[in-house]
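Here's the structure, in structure tokens; my notes come after.
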Amino acid sequence: MRTVSLRSPAPATVPSQFSGMLSRSRSPMIVRCLQRRDEVSSIPKLEPFSRSRIDRLVKDPPLLEKTKDDFTDYCSTLEGEESCRCWTAYFELRDLEKEMSQEDIETLIRQSGGIKSLIDCVHGITAMQKKQEGKFAIPTVSNKETEKKIPFPVPDGIPKSKDELEEEEKARMPDSSHTRLLRAMGRFPAWYSQAPDHESD
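For what it's worth, the numbering used here labels the leading residue of the sequence shown as 1153, then goes sequentially.
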């Protein structure tokens, strides 16, 4: 419990016409203020200005997450080509997050100094990566060239020429005695039916 006493100031010199009024006035007034300790403790204290790095990491969101939130807030305010360019940089930043380390991305964000300059930096890095990938890319053969090399298929049903028939006769193996006997003495099975004369060649 704390007590503070306040006394009224001493009367200054006044004219004689008001001296009678002052003599009839009350005695000096004393005001006392009482204050409890629980009321003092309920007042919130301000946090120290210089916080430690651990406190910042625990209470503040990571720099990369904060930058993404700033990106979305800034891109949502734009329109037209600027909005498209901003959102493209946002997705390029997410792709860089997979390829680069977190420390490199955080240094890039700090060195850029703002969202507008960060958009230009992200576009520049992505363009450089695409150029490097184009240099080392293996040239692929187009489909048109492969189609030209493939010979045109010969349709079925066309009668063979004399040269083709002679080649087949030369390539055929000589018949054995058993094969000749089967051709001369053999019969067709019950399930086989010969083609009629008008369909035979």
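The C-beta atom is built at its ideal place from N, Cα and C for all residues, glycine as well.
Look at I1257 here: in three-state DSSP terms it is helix.
The beta carbon of W1239 sits closer than 7 Å to those of C1227, all from its chain and outside the five residues before and after it, given in chain order. In the three-state reduction of the DSSP assignment, A1241 falls in the helix class. Judged by beta-carbon spacing, D1222 lies within the 8 Å limit of I1267, meaning their Cβ atoms are closer than that value. Closest option to V1274, judged by alpha-carbon separation, among L1245, E1258 and Q1263: L1245. Each residue's CA atom was taken as its position, placing D1225 and S1264 some 18 Å apart.
Residue burial annotation: Y1344 is exposed, with fewer than 16 other C-beta atoms found within 10 angstroms of its C-beta. DSSP places F1340 in the coil class of the three-state scheme, outside both helix and strand.
For E1318, the enclosing alpha helix (DSSP H) has its first and last residue at K1314 to A1323.
Straight-line spacing of the CA atoms in S1313 and A1347 works out to 23 Å.
About 6 Å separates the CB atoms of I1257 and E1249; that is less than 8 Å, so the two are in contact.
Excluding sequence positions up to five before and after S1235, its CB lies within less than 7 Å of the CB of C1227, all in the same chain and listed in chain order.
Spatial neighbours of L1215 in its own chain (CB-CB distance under 7 Å, excluding positions within 5 residues in sequence) are listed in chain order as E1258 and I1261.
For P1341 and L1334, the gap between their C-alpha atoms comes out near 13 Å. When rounded, the separation of the alpha-carbon atoms in K1282 and Y1242 is 17 Å.
Judged by beta-carbon spacing, I1271 lies within the 8 Å limit of R1237, meaning their Cβ atoms are closer than that value. For D1225, the uninterrupted alpha helix (DSSP H) segment begins and ends at L1215 to T1229.
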